[in-house]
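A short write-up of the structure that comes next.
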Amino acid sequence: MQSKPAELILENGIRFTGTAFGYVHDVVGEVVFSTSMTGYQEAITDPSFCGQMVVLTYPLIGNYGINLEDMEADKPALTALIVREKCDYPNNFRTEMDLDGFLRQNRVLGLEGIDTRALTRIIRDAGCMRGIITTDVGTISDRGLSARFDSLDNSDVVKRVSAKEIYTIDGKGKHVAFIDAGVKAGILRSLKERGCKITVFPYNTSAGRIIEENPDLVMISNGPGDPEDIPETVETVKQLIGKYPVRGVCMGHLVIGLAMGCKTKKLKFGHHGANQPVKNLETGRVSITSQNHNYILDGLPEELEVSYINVNDGTCEGIKGKTVDIQSVQFHPEACPGPLDTNNIFDDFLA
Amino acid sequence: MPRDNSIKKVLVIGSGPIVIGQAAEFDYSGTQACQALREEGVEVVLVNSNPATIMTDSQMADRTYIEPLTVETLENVIVKERPDSLIAGMGGQTGLNLSCELYDKGILDKYGVRVIGTSIEAIKEGEDRESFKNLMERTNQPIVQGKIVNTIDDALEFAREIGYPVIVRPAYTLGGTGGGIAEDEFELGEIAAQGIHLSRVGQVLIEKCIRGWKEIEYEVIRDGAGNCITVCSMENVDPVGVHTGDSIVVAPTQTLADREYQMLRKAAIDIINSIEIKGGCNVQFALNPKSFEYAVIEINPRVSRSSALASKATGYPIAKIGAKIALGYNLDEIKNAVTGKTYACFEPALDYCVIKIPKWPFDKFFGAKRTLGTKMMATGEIMSIGNSFESALLKGIRSLEIKQYTLERESAKDKSSESLRANIKTPDDERLFELAELIRRDYRIDKISEITGMDPFFLKKIKNIVDMEEELKEYTLATITPELITRYKKMGFADEGIAQFIGCKSADIRNYRKDHGILPVYKMVDTCAGEFEAVSPYYYSTYDEYNEASASDKKKVLVIGSGPIRIGQGIEFDYCSVHSINALKKFGLETIIINNNPETVSTDFDISDKLYFEPLTEEDVLSIIELEKPDGVILQFGGQTAIKLANFLDEMNVPIYGTRPKQIDAAEDREKFDDLLEELNIKRPKGRAVWSTEDGIKEAEKLKYPLLVRPSYVLGGQGMEITHNEKELTLYLEDAFKKDKDNPVLIDRYLGGRELEVDAICDGTDVFIPGIMEHLERAGVHSGDSISIYPPQNVSEEIKQKIMDVTRRISVALEVIGMINIQFIEFEGDLYIIEVNPRSSRTVPYITKVTGVPVIELATRVMLGETLAEMGYASGINKEPNMVAVKVPIFSTKKLPMVEVSLGPEMRSTGEVLGVGNDYYEALYKGFLGAEISIPKAGSTILLTICDRDKEAFLPIVEKFDKLGCRFISTSGTADYLEAHGYKVQRAKKIGEGVPNVLDVIRSGMCDFVIDIPKKGNDKNSDGFKIRRTASECSVNIMTSIDTIKALTEVVEKEYDLQSVQPIAVSDIK
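The listed protein sequences derive, respectively, from chains A and B. In terms of my numbering, the first sequence has 523 at position 149, counting the first letter as 1, and numbering is strictly consecutive. In terms of my numbering, the second sequence has 951 at position 430, counting the first letter as 1, and numbering is strictly consecutive.
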């Protein structure tokens, strides 16, 4: 495979030149960064990155290759992966393929040789923005550029990654009605480990259809994009609240919040990494969590209380219903990648 | 929980002298701890025997005691100061062991001192092998199959059960002292015997050997509420089997998938939660590279070398946070000083690669056995930061100051592939270069991985460098392109390295780069991978486009640090650098420091206004200077590392504060210096530089034996010897010219007189001497290895005035601005100069503390243009105190197989302790105590072997020991002589006379003390060498200089005892 020069052009005009790898084609997406030092495979296959170009701040990526076990979804959903240096000679006892081959196979663009730290600082200061990666280095006109930026439409990202039809994972324990807004395998695995029977529904399933299954509780998964873009899910959840215990992770947490009448707010550059401290307001204990979100809940109604906050910026990281049975967290207790410190939240969810 | 206000006065125990396995990292953590405690208004009482440290500065604690680290001394300090609390984990293994002893003996209870931070119970669970095993069982953590034994027989039996090879690990020892891998019964017998002897509790652990597994470390922190974080993960490039202190280490881990990483992280957290650590803890794992199988190797519930490395690698100050936790704070209540916004309760994210490479003393001790194993041998380390593994590795290599800028090493090139293959099987300091050479010869990576156990990932990275080196050989200065050079600079290649391959000067590459605008930029170490805006002024270089470091328009000064700790250039220089920074800050100047040593205080990002963590080569230093454009650069405090940059920086027109480089050269160049002395009519031992053996022998006839011989341009007396006759001289010269025929050998007349030393400050006109130091051992013992006494006890007023006069005249003639160090010999009433160093020296910290003269501050201000007179100092010698301070050297030779033990012209000590007393003998007594020299008493057995030359001189000493009631053991020569003089001597066989012989006497513990006065050192085949090595390895006190022993007998006569000698605070020295 021949290396091909490629250029990342940000909305604000800043350009970075590097080398394309993986499946080489021109793309447009929202540029976000993740500071996790391990778990690039989990990040790449995380459906929540759908429509985004992910900059990994750790400079050496691909060291242990890719295996077929640590997948968070069948295939990656991100638009592009931006790294400083990819590794072409991975080594680990589980390595099955290398990063380049994996991305090529899954039609994802990779870009290497980028000053990822400089890029991260730009995003940090300016906020998330759109970017174009092209192999036509220096030949696109300004008008051509703005047309390409405008072509980005991430309003249907959940649709792209959600389950297309209902399916069931058998189990002897509690029956969870699981609304898939782009679920990471780790969440389903955490429920399976606890013996749950899981019925997975597409994001746009009606409340009535779910009620038919007579579940023990309802859970809404993580997922990409803006929760305001999936009003159908919010509506379904609104109807289920009060009837069943309702749980949520990440996007699921935001959906529950919206269903309860909260507002959402977009963070400047989001929380993306495996080192975010959250405090459990009930116990006072702080845990290090894995996070990947751009939006947060704001303006909680009387009925809800904040259960977790982010230690760094004080934002809401979890809610609980005062009278209705609601629990949800903004972070990822299933980790993958990231610390396992909060995995017991699934026990609380099921209790 | 907020701060516990009942804590008002805290006792902090330091780690004592620098030895292999316990070095400057504890000055760094101890200093941080003291500062963190005092920030909270807590009164700090500090005890540490090491005067070279920054932590023992009077401003670091409210009460500082530079006293021997014994339980008795600590009890005396507790009685005197009545602290309410003790923090145990800040003084390394020494501090931890002493804290446990104080606790076990009920002393803490008796005086109502409680332990804050991690509790003694928790410490013991981690440290004691048996409870560690129980702890691991309780927390469901796998450990390596092993058993604790107290006898050799049990060791052998268990090894038969689990099979060889096995690892022996003694409980409660430093840096794994006394441990090792045994391949068979015979080896196990030997290693186990040693380990049992060295362990404080007579225990060793026998373990299944898991050589080849990955060695992974986590630095974890837990607060009183149970919040846990991991600060940093580290992966050893050398797999299990090489002590982590001797391994090349990379942070963060490189070859672990998230699943493995989180599995081990969770294990680390489960462990520290289980024993309720309050502060920092280090957890070491072995991970099977072929599965998820792992084992916990050990935990260290304290700050450590790894925690210092982790702090520097991440920007997260572990010791400081540990101290705050001890005071009651929780992690989410402590601010992250780097971002100023976030809290200490987070896990640092790195967006760069950090590499630590150990600095071994084998360049100095070329006769030493260099094999690396479970016993640590490195004296220091360097750290390098890059945004690729390759760049970090190349930066690291050039930071080592082994004249190496690439992976191509001359010594490896000459070896056959067979011998290289054989060599890399056994790890040593050359392995990196030897395996690179094999890779260069297209030897298979997977095979090297199989032989060495190193992960192919790392070997491929090394191959990348080698391939690029080979590619470069095809180019010349005429054919290189800017793209090519940019690519090499991005990979971390030095100009010098590139120049070597294409055959030009490094200046050519530098100029080429500048012509094409190929310049480094600097990135920030910010704990958060750029996620938050950081205020930490801590940088490393890369060849990217975006630069994060910008020069301010303030007046600023750059201080060059002293690099890795090595024998001859220790922590003292870090002390000087830090003090210079502090002085500059006091006068409102912006301060910048460059250094590459992760263990030190100077590389704490809180110390200077800007820290550049970079190699100290001409290129790396100049690049920073060109960006920062400092008003001046200070070289005098960075030892030879900084001084050797003087000429280059001068050529580059960099403004240098203090003595001009031309004058530095005049002091360092022997001929120029001889001319100067001649001109000033100052005496020095007659000598010459010779270029051949014949030339040397001819000179010797004129100068007369004994003669002091040494290679020119060396540090710490490397390769220096006293030769007594032509035969010895011939041997020396032939060897010296074989090693290096391009430089002369210096031959001096040897004067066996009294050695005296001064550090002085000169402003060009006036010269102020803070103090004259007298050496206990006569000339011929390296000044760094002799016992140094202040104020001098045997020096007449006339000689003092002469010293003043000569110091003044030399300083003024050399136009010294700042520091100068001069060593003299007083011989038959005359004063001779033996050495002049136009820089700060290793005695400065100690003289600063005992005189109270702020030596470095004065020198720094002089360099900035003030005069001594303006600062209130006139020419002259500082008034001497009534109390006496004695500096005693500390050796780590025990840990360095095949290294000479006896005192000689070549420096071998790694550290020092200070004894402060009301008079000379009390000070000396404390010095001996601090050096763990047990004082012979009635009934002690002394093994004596005295060379013929010194037998007569030794008789009065024998008489004194005899009177005291000591018994003697000797081999025939000494025994005959002593018996002839009427002493009773038990005879021991010489080594060649069968067993049991004199070595068995030492090994069996039959003697308490060994006195061996050698004819000549460094002869590995001599009996004396073996006797000294055996004594040292069995931790039996050994002395080799008549002068030291004589002083010891004088102390013995004073009949001091531990309880009655009172501790003296530094501020009470009068």
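All C-beta atoms, glycine included, are put in the ideal place defined by N, C-alpha and C.
For T1466 of chain B, there is no enclosing alpha helix (DSSP H); the residue is part of the beta strand (DSSP E) that begins and ends at 1462-1467. In this structure, the beta-carbon distance from L980 of chain B to I969 of chain B falls below 9 angstroms. Contact residues of the stretch 652-668 of chain A toward chain B are K653, G658, R659, V660, I662 (C-beta to C-beta distance below 7 angstroms). For G716 of chain B, the secondary structure class from DSSP, reduced to helix, strand or coil, is helix.
In the three-state DSSP reduction, V1572 of chain B falls in the helix class (H, G or I). The stretch 588-603 of chain B makes no contact with the stretch 642-655 of chain B; the number of CB pairs closer than 8 angstroms stays below 3. Residues of chain B with a Cβ closer than 7 angstroms to the Cβ of M411 of chain A are, in chain order, P773, A870, L871. Among the residues of chain B, those whose CB is under 7 angstroms from the CB of E416 of chain A are D779, following chain order.
S1062 of chain B and N654 of chain A have their C-alpha atoms some 40 angstroms from each other. In this structure, I507 of chain A lies near A454 of chain A, with their beta-carbon atoms less than 9 angstroms apart.
For N1168 of chain B, no beta strand (DSSP E) run applies; the uninterrupted alpha helix (DSSP H) run containing it begins and ends at 1167-1172, by DSSP. For T393 of chain A, the nearest beta carbon of chain B is not closer than 9 angstroms to its own beta carbon. Within the stretch 1253-1336 of chain B, the complete beta strand (DSSP E) segments of 3 residues or longer fall at 1266-1270, 1275-1284, 1288-1296, 1309-1311, listed in chain order. Your pair T1251 of chain B and I1218 of chain B checks out as a contact, with CB atoms roughly 7 angstroms apart and the cut at 8 angstroms.
When only Cα atoms are considered, V1407 of chain B and P1206 of chain B end up about 27 angstroms apart. Among the residues of the stretch 553-577 of chain A, none has a Cβ less than 7 angstroms away from any Cβ of chain B. Considered as a whole, the stretch 1448-1509 of chain B harbours 1469-1485, 1493-1501 as its complete alpha helix (DSSP H) runs of no fewer than 4 residues, in chain order. Between the C-alpha atoms of R481 of chain A and G1051 of chain B there is a straight-line separation of about 29 angstroms. In the three-state reduction of the DSSP assignment, D444 of chain A falls in the coil class.
Counting along the chain, the unbroken beta strand (DSSP E) around I693 of chain A starts and ends at 690-695. Closest in alpha carbon position to G907 of chain B, among B:D1471, B:E1135, B:E1391, B:D1261, is B:E1135. C-alpha of A714 of chain B to C-alpha of D674 of chain B: approximately 10 angstroms in a straight line. Among the residues facing chain A, T892 of chain B is not included, as its CB has no counterpart in that chain under 9 angstroms away. With 16 or more neighbouring CB atoms inside 10 Å of its own CB, Q775 of chain B falls in the buried class. Within 7 angstroms of the CB of D489 of chain A, the CB atoms of chain B belong to D1065, E1066, Y1067, in sequence order along the chain. For the stretch 632-662 of chain B, no residue has a beta-carbon sitting nearer than 7 angstroms to a beta-carbon of chain A.
Across the structure, E546 of chain B and E1427 of chain B are spaced so that their CA atoms are roughly 26 angstroms apart. Excluding its 5 nearest sequence neighbours in each direction, Q613 of chain A has C-beta neighbours in its own chain below 7 angstroms: A581, listed in chain order. Residue environment for S377 of chain A: exposed (fewer than 16 other C-beta atoms within 10 angstroms of its C-beta). In this structure, DSSP gives K612 of chain A a helical state, which the three-state scheme calls helix.
Counting only Cβ-Cβ distances below 8 angstroms, R961 of chain B has no contacts in chain A at all, with the closest Cβ about 18 angstroms away. L1464 of chain B is positioned such that its CB atom lies closer than 9 angstroms to that of I1523 of chain B. Residue environment for M989 of chain B: buried (at least 16 other C-beta atoms within 10 angstroms of its C-beta). Of all alpha-carbon atoms in B:L607, B:W734, B:V1383, the one lying nearest the alpha-carbon of M975 of chain B is that of B:W734. In this structure the stretch 431-451 of chain A lies against the stretch 556-566 of chain A, because at least three pairs of beta carbons, one per stretch, are closer than 8 angstroms.
Boundaries of the beta strand (DSSP E) around T1431 of chain B: 1430-1438.
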